[in-house]
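Scroll down for the structure; my scribbles are underneath it.
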């Protein structure tokens, strides 16, 4: 409750984006014994909900008894090549580590592909989607989910278990450091 009470004033005084504020509060935090969670789309509403939590009122927040350690997380890598072009583009444009990792994968994969992975993922306006070519689709699936896993791990999400199906087994082995990225892109 004390921690929840320390945020509303700062939030009201800032022009922070709600997502940025939530990430900042959450980043690198140890699990709390009495966590609170809520959904909000704007900073003033976040401040109001935190005021309620600080007063011991549940309000719109979900509160409970937390563990003293982080939950165990598993990463499952699907090998079918399905991905969201919009989400991939947004991550590429806004997350430097995701972008750098995806670019590195594309660089390593380039000698083994019939076209550019990045051009296949992000075609110029009016150009057809080359990602539907099986070879490029499988390479894209690997590069996207590998880049996403690296980004999540940099954010502190550490998998206790890694598993995959089909092409996803290769991604799991690479994320687990069983295969180097250089070796994985040869397969």
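Numbering (this note's numbering), first residue to last: 10 to 196.
Glycine included, every Cβ here is placed at the ideal spot set by N, Cα and C.
Q: Ignore the nearest five residues each way along the sequence and tell me which others in residue 110's own chain have a CB closer than 6 Å to its CB.
A: 156, 159
Q.
Closest to residue 88 by C-alpha separation, out of 17, 147, 18, 23, would be which residue?
A. For the set 17, 147, 18, 23, the Cα lying nearest the Cα of residue 88 is the one of 147.
Q) According to DSSP, is residue 166 helix, strand or coil? A) Assigned with DSSP and collapsed to three states, residue 166 falls in coil, not helix or strand.
**Q.** Reduced DSSP secondary structure (H/G/I, E/B, other) of residue 33
**A.** If DSSP states are grouped into helix, strand and coil, residue 33 belongs with the helices.
**Q.** Candidates 193, 47, 18, of which the one nearest residue 121 by Cα
**A.** In this structure, 193 is the residue among 193, 47, 18 with its C-alpha nearest to the C-alpha of residue 121.
Q | 8 Å Cβ shell around residue 23 - same chain, five flanking residues per side excluded | A | 30, 52
Q. Do residue 150 and residue 129 have their CB atoms nearer than 8 Å?
A. no
Q: Under the assumption that residue 171 contacts residue 196 (Cβ atoms under 8 Å), give the Cβ distance between them as a whole number of angstroms.
A: That belief does not hold up - the Cβ atoms of residue 171 and residue 196 are roughly 17 Å apart, past 8 Å.
Q.
The beta strand (DSSP E) that contains residue 83, what's its start and end?
A. 82-86
Q) Is the beta carbon of residue 173 sitting closer than 8 Å to the one on residue 107? A) no
Q: With DSSP as the reference, label residue 147 as helix, strand or coil.
A: helix
Q: Report, in whole angstroms, the separation of the C-beta atoms of residue 115 and residue 152, which I expect to be a contact under 8 Å.
A: 6 Å
Q. What are the boundary residues of the alpha helix (DSSP H) that residue 182 is part of?
A. Looking at the DSSP string, the run of the alpha helix (DSSP H) that includes residue 182 is 176-184.
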